[in-house]
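Q:
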Amino acid sequence: MSKKVSSISRRSLLATAGAALAAAPLGANLLHAQQGPIRIGMSMPQTGGLAGGGKASLLGIEIWRDDVNAAGGLLGRKVELVVYDDKSSASETPAIYSKLIDVDKVDLLFAPYATVPTAPIMPMVKQRGLLLIGNFSFQVNSKVGHDMWFNNAPWGPADSWATSFLDIGQKAGGKSMALLAADQEFAQNLAKTAREVAAKRNLPVVFDQAYPPATVEFSSIIRALKASKPDIVYVASYPPDSAGILRAVNEIGIGDNVKVFGGGMVGLQFGAVMENMGSLLNGVVNYNTWLPEKSMYFDGTKEFFDKYTKRAVEAKIDPLGYYLAPFGYASGQLIEQAIKAVGSLDQKALAKYLRENTHKTIVGPIAFSPDGERKETAVLQAQFRGVVDKNMEQFRTSGKQVILFPDNLKSGELIAPFEAARK
Amino acid sequence: MFSLDLLLDAVVIGVLLGCFYGAVSLGLSVSFGLLDVPHVAHPAFLVLASYAVYFLNEHYAVDPLLAGLLITPVFFVFGLAAYRLYYETFEKRGSDAAVRGIAFFFGIAFIIEVLIILQFGVDQRSVTADYIGKALRLGDFRIPYRLLVAFGVATALTVLLTLYLSRTFMGRAIQAVAQDQEALRLMGTNPVKIKQWAFGIATAVLGISGALLIIVAPVDPTLDRAYIGRTFCVVVMAGLGSMGGTLVAAIILGVAESIVLTMFGASWAPAISFAMLLGILAVRPQGLFGRRS
Amino acid sequence: MTRSSIAFWAGAAVFLAAVFVMTQVVGNQYPFFAGYIILQFIALAVAWSILGGYAGYVNFGTSAFYGVGVYASVFLVKAFGAPLPLQILAGAAMGALMGLALGLLTLRMQGIFFSIATIALTIVIETAITNWRYVGGAAGIQIQRPEVTAPFDNYVQMLFFVQALLVVLAVAISRYIQNSWIGRGLQALRDDELAAECTGVPTLRLKLLACVISGALMCAVGAPAAMYLQYADPASAFNLNYSVSTLAMSLIGGTAHWSGPIIGAIVLATTQQLLTVTISSEVNVLVLGVMLVLFVVGAPDGIIGLIARLRGNRGKGEA
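The listed protein sequences correspond, in order, to chains A, B and C.
Positions 1 to 423 (the numbering used here) are the ones given, in order, by the first sequence.
Positions 1001 to 1293 (the numbering used here) are the ones given, in order, by the second sequence.
Positions 2001 to 2319 (the numbering used here) are the ones given, in order, by the third sequence.
1) Are the C-beta of proline 212 of chain A and some C-beta of chain C separated by less than 8 Å?
2) Quick one: is asparagine 2131 of chain C near chain B, going by C-beta distance under 8 Å?
3) Assuming the contact rule is C-beta atoms closer than 8 Å, valine 285 of chain A and leucine 414 of chain A should be a hit. Round their C-beta distance to whole Å, please.
4) Using only CA atoms, which one of B:Ser1050, B:Val1012, B:Leu1165 lies nearest to isoleucine 1201 of chain B?
5) At 9 Å on the CB atoms, spell out the chain B contacts of valine 2201 of chain C, in chain order.
6) Short of 7 Å in beta carbon distance, which residues of its chain neighbour aspartate 455 of chain A, apart from the five on each side in sequence? Order them along the chain.
7) Just confirm the distance between the C-beta atoms of isoleucine 2119 of chain C and phenylalanine 2060 of chain C, as a whole number of angstroms; I'd bet it's less than 8 Å.
8) Could you give the residue range of the beta strand (DSSP E) that holds tyrosine 2054 of chain C?
9) Can you tell me whether serine 2004 of chain C is buried or exposed? The criterion is at least 16 other CB atoms within 10 Å of its CB, across all chains shown.
10) Within 10 Å of its beta-carbon, does phenylalanine 2295 of chain C have 16 or more other beta-carbons around it, so buried, or fewer, so exposed?
11) In chain B, what lies closer than 7 Å to methionine 2109 of chain C by C-beta?
12) Between serine 1025 of chain B and chain C, is any beta-carbon pair separated by less than 8 Å?
13) Just list the residues that DSSP pairs valine 79 of chain A with in beta bridges.
14) Between arginine 39 of chain A and chain B, is any beta-carbon pair separated by less than 8 Å?
15) Enumerate in chain order the residues of its own chain whose CB-to-CB distance from valine 125 of chain A is below 6 Å, with the five nearest sequence positions on each side excluded.
16) Which of the residues in the region 1251 to 1277 of chain B, read from start to end, lie with their CB under 7 Å from any CB of chain C?
17) To which residues of the same chain is isoleucine 1109 of chain B closer than 8 Å at the C-beta, ignoring the five residues directly before and after it?
18) Confirm, please, whether the CB-CB distance from leucine 291 of chain A to leucine 179 of chain A is below 8 Å.
19) Taking 8 Å as the CB-CB limit, is valine 1153 of chain B close to chain A?
20) With a 10 Å radius around its C-beta and 16 neighbouring C-beta atoms as the bar for buried, classify tryptophan 155 of chain A as buried or exposed.
21) I need the DSSP call for arginine 1142 of chain B, collapsed to helix, strand or coil.
22) My parser needs the beta strand (DSSP E) runs of 3 or more residues fully inside the region 2190 to 2239 of chain C; what are they?
23) Given this structure, state the Cα-to-Cα distance separating serine 1025 of chain B from glycine 262 of chain A, to the nearest angstrom.
24) Select from the region 221 to 251 of chain A all residues with a C-beta closer than 8 Å to any C-beta belonging to chain B, and list them in chain order.
25) Any beta-carbon of chain A closer than 8 Å to the one on glycine 1121 of chain B?
26) Which of helix, strand or coil does DSSP assign to arginine 374 of chain A?
27) Rounding to the nearest angstrom, what Cα-Cα distance links serine 331 of chain A and glycine 49 of chain A in this structure?
28) What is the rounded straight-line gap between the Cα of alanine 1010 of chain B and the Cα of phenylalanine 405 of chain A?
29) Do you know how far the Cα of asparagine 357 of chain A is from the Cα of serine 369 of chain A?
30) For histidine 32 of chain A, collect the residues of the same chain with a Cβ closer than 6 Å to its Cβ; drop the 5 residues on either side in sequence, then sort them by chain order.
31) With respect to the alpha helix (DSSP H) encompassing glutamine 209 of chain A, which residues constitute its N-terminal and C-terminal limits?
32) Throw me the rounded Cβ distance for the alanine 1250 of chain B and valine 1260 of chain B pair, which I believe falls under 8 Å.
33) On the CB-based measure, 16 or more other CB atoms within 10 Å of its CB, does threonine 1262 of chain B come out buried or exposed?
34) Which residues of chain E have a Cβ atom closer than 9 Å to the Cβ of lysine 55 of chain A, listed in chain order?
35) Buried or exposed: which applies to glutamate 1088 of chain B, given that a residue is buried once 16 or more other Cβ atoms fall within 10 Å of its Cβ?
36) Between serine 2259 of chain C and isoleucine 2213 of chain C, how many whole angstroms is the CB-CB distance? I'm expecting something under 8 Å.
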């Protein structure tokens, strides 16, 4: 922390300056001085559009905290989380992170789940030279260039996502692409890279539409998409829409020439959505971050999900929690290994360690490239197979989502065309 | 990429979608259109009904439409209570009822949102029924059954409400209240009782509309915010208090939205429908079928 | 100058001086981050009530004006690297134009129709910005802050001071309007537009004037937010929350006097900031809902109404 309150007199002045809100918790925190717990601060969306993901992610981090504390803590100190709700909004996070840094004086910072709440705090942590562990944001550091940023998400290089999906499509004989994306931040970023990759490969884009948030009915869009007769359909959608799109595809049909369908549909990773969609999911090839396939189990993965499942049900959070929760846990593991290796909380040293080493986590080994994203992408592309209606437990067994990419985690081959895979 | 087929398809889907918009706006057409209650919590009530339907469907495997019917009496009573509270605190005191009423109903909407989150969590929910996820095939066309259900329910509700308002004693009384409260008072009828009854009806209709909402698409606790604009847009465009007009206005909106989605840029769809509303309001402030001229 | 004017300007000067001293002395950044949000809401609520309070035209489009202010800045920074004062001026100009357009478009609309029109306007503008790739479109845009200007040594402290200036400006204008013929005209228009028109009040011109002033101020308040967040996306900039909060603040404070929105904004915005860092969960939204309901039910004329009633009970009627 580069900028600290330098004297007690300033502090008392602050209190009298009418900033009562800041002053109230301040006194309490002075007690924590040196040998109190190690405090990790973050905001997390607990209301608003990102709340479903935020809550699951937070539970993953909490399980890590409990594990670490049960094993005696870090540097002989307990680990404590300081968490505030950012309401899924960008406008809340600057004040929250300032509170965490300047008032709570936390030792380490985690970023909130998703890009929008993270973007405004990037310049702040860079300016103050603070380490920040990212949480599933997409390319927030590309313009800021902060060298103490490490994203826990498996994205890897920006274009790898579209590349892997188009690879699968082209191998299956796809010669043209349709692009359907939500007119929202994450989906638009995905669509942009997909356009670039398609242009590089001279793959014609025969349909390119952005649909507005809160679209109720997708029948007419799917109808227009079908009329453009694409081979590869790349969809970048948000949870409420993903369900609507799949329903419409099932009702309207998408045409026999479509080889692969899916790619970037957010929501098809969440238990409640998957249970609701049931057999409509079959055949869809979609991205994922963790799946219960044999190749995905690493040291501690199974134990983590045993604990997660029990606690998620009590807390009314996604009962599967594959998408975000293990990566929340992995964020903790990253910091844990760095602190143990460095032997202190020195942020520069921790960042150096994180940048230069490969780290073992429950989601596999993690190594970072200079921009703080993963060196190699670990985003899975998996195809839904043999899913039945109204059954949550089926998704816990392997074979319901067959991993097609990356090669080292592969657990099966693509079934194409899309219509054939749906049976 | 223009084709007649696509256009025709867009129109058909648009009409059905419009019927759905109409069905979820009918209650508001009574509460706001006839009674002048600035009911911005209408969509929140709607989502609440959807969750009630979800609960019945999930735990007792009740058909969503039947579930919608089952909860109407509860919603009727709920509506009676809500109006009483509104009347006692705002209308009775006269001035400024509208402005503070808006704030009041926003408050209610937030409270409902949070209660739903606490009870059901933040994940989206949907229901199962035979008519969800399948489509009617007519040659090359395919029409989702759930939209046909929306069409049927919307027409039935519109006809029933229109008949109720024009043929029954209570219905005529409600229309009389909407036109001239004082006259009714002079005739020895208590307008407050009648308005309360009407608000109860408006809320009861929401039971079925809520069922429709969750049949057509999955719901989540904050979905109501997306429907504030849409429902008020329909009711105002129609002109206050006309049931048939509400359905027609909703269909116009649905068709416009659907054509834009199919033929032009999908991302412009919301701008088109609301620009249309602005245009209509500027030229004809009383709406297309307004009772006030 | 009357005695109350002297008192007002002295108060404003003391306030600004205190804010300035605070930016020079306090090293902790949090009060500025949180305080900026509170000041922003004060300015918004005061600006809103010029049209919504005095004239009784309930504008639901606060977020539209705020968002246009934000994106006016985004555009200017991206295209010309414009400095902050220019961003705010341009925002105000845009807001004035938007207010004029809104006023002209809604000439014949009254009551709730006007409110619905403002909702529609918000959605149309948000959609347009969402489709405008140059300013980032739906994906949002990250913005680099320029170097901070002396005597401030931190950008957020400067923004805090700038927002305080905007608050004083908004309050001064609002107070002037209330005490002038404009305010009395608006009051007449609010009570009975037809009667006002018959007695020779230029209702049309007054309404347009209120729309323009209110709009210009709201946009100006939004303009520095781009620099505060160093990021802009349509969903955050056009958040319904701005519209609802501003309306709630004005009503909780009371709209009969220029000080009402200030009190309401301080109470509600401070509570929200406190809740964010204390309870911090969905209960947060619940508290806002309950507060809204309790206040509009229990204190129909807002906090200043309550105070006036308390004073009245003591038998000392004073304005």
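Just so you know, even glycine gets a beta-carbon here, dropped at the ideal spot from N, CA and C.
A: On the basis of the coordinates in this document:
1) yes
2) yes
3) 7 Å
4) B:Leu1165
5) Within chain B, no residue has its beta carbon less than 9 Å from that of valine 2201 of chain C; the closest one is some 19 Å off.
6) The shown model of chain A, from 1 to 423, leaves out residue 455 of chain A, and the question about it has no answer.
7) 5 Å
8) It is not in any beta strand (DSSP E) - tyrosine 2054 of chain C carries neither H nor E in the DSSP assignment.
9) That one is exposed.
10) Result: buried.
11) Leu1281, Pro1285
12) Not closer than 8 Å to any Cβ of chain C, the Cβ of serine 1025 of chain B fails to qualify, so no.
13) A:Ile38
14) no
15) If you ignore the 5 residues before and after valine 125 of chain A, its C-beta comes within less than 6 Å of the C-beta of Leu132, all in its own chain and listed in chain order.
16) Ser1267, Trp1268, Pro1270, Ala1271, Phe1274, Ala1275, Leu1277
17) In the sequence as presented, isoleucine is not what sits at residue 1109 of chain B; that position holds alanine. Val1040, Ala1041, Pro1043, Ala1044, Asp1224, listed in sequence order.
18) no
19) no
20) buried
21) strand
22) Runs found: none.
23) 34 Å
24) Ile221, Arg223, Ala224, Ala227, Ser228, Pro239, Pro240, Ala243, Gly244, Arg247, Ala248, Asn250, Glu251
25) yes
26) strand
27) 23 Å
28) 37 Å
29) If you draw a straight line from the Cα of serine 369 of chain A to the Cα of asparagine 357 of chain A, it comes to about 10 Å.
30) Unreliable placement is indicated for histidine 32 of chain A, whose pLDDT of 43 sits below 50; no coordinate value is reported for it.
31) Note, glutamine 209 of chain A: premise wrong, no alpha helix (DSSP H); beta strand (DSSP E) at 205 to 211.
32) Rounded, the Cβ-Cβ distance is 16 Å, inconsistent with contact.
33) buried
34) As a matter of chain content, chain E is missing from the structure shown, whose protein chains are A, B and C.
35) exposed
36) Their Cβ separation, rounded to whole angstroms, is 18 Å, which puts serine 2259 of chain C and isoleucine 2213 of chain C out of contact at 8 Å.
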